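Just so you know, we're using my numbering here: the sequence shown kicks off at 98 and counts up by one.
Virtual Cβ for every residue (Gly too), placed ideally from N, Cα, C.
As the structure is a computational prediction, the values presented were derived from the model and not from experiment.
Notes follow the structure.
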Amino acid sequence: MADWLPEPDCEILSFERQSQHTLIFQEAHMGSSLVVQIVAAAVALALYFLPSILADRRKRHDLLVIALFNACLGWTVFGWLLALYWALQPNPPKNVAREVVEKRRNVVLRVFSTQLIARVQARAARTSTRDRSTK
């Protein structure tokens, strides 16, 4: 080395290498930490909206109401449990009175059809016997 340059201090070089290695490790750790945070946030959101997800999977007719209830009151434990209970209930009948009227109408139409068929068959039988007797 040249006489006019001072001797490099080994401790300074060692410290610089350590700090570079620490920075590289921290950058790599921050990248994996960010991934862990993103995954944790996705899991937390899925858990928060679990009642809405279950209601969607169970084909609930009132899915939007359950989802809004869950979004607004899900932050309270009671609201989240209530939304979960609601999502796990079976679908209520849409319109019971209309279903009863439709069933009655179907029964009446079925009875009418069978009676009409019986009358047509009886008339056809009478007509065929009358035609045979006149020949």
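- In this structure the stretch 139-154 lies against the stretch 163-171, because at least three pairs of beta carbons, one per stretch, are closer than 8 Å.
- In the three-state scheme derived from DSSP, where H, G and I count as helix and E and B as strand, Lys156 is classed as coil.
- Of all alpha-carbon atoms in Ser149, Arg154 and Ile135, the one lying nearest the alpha-carbon of Trp177 is that of Ser149.
- Burial state of Ile163 is buried, judged by a 10 Å Cβ sphere holding 16 or more other Cβ atoms.
- The beta carbons of Ala184 and Ala141 sit no closer together than 8 Å.
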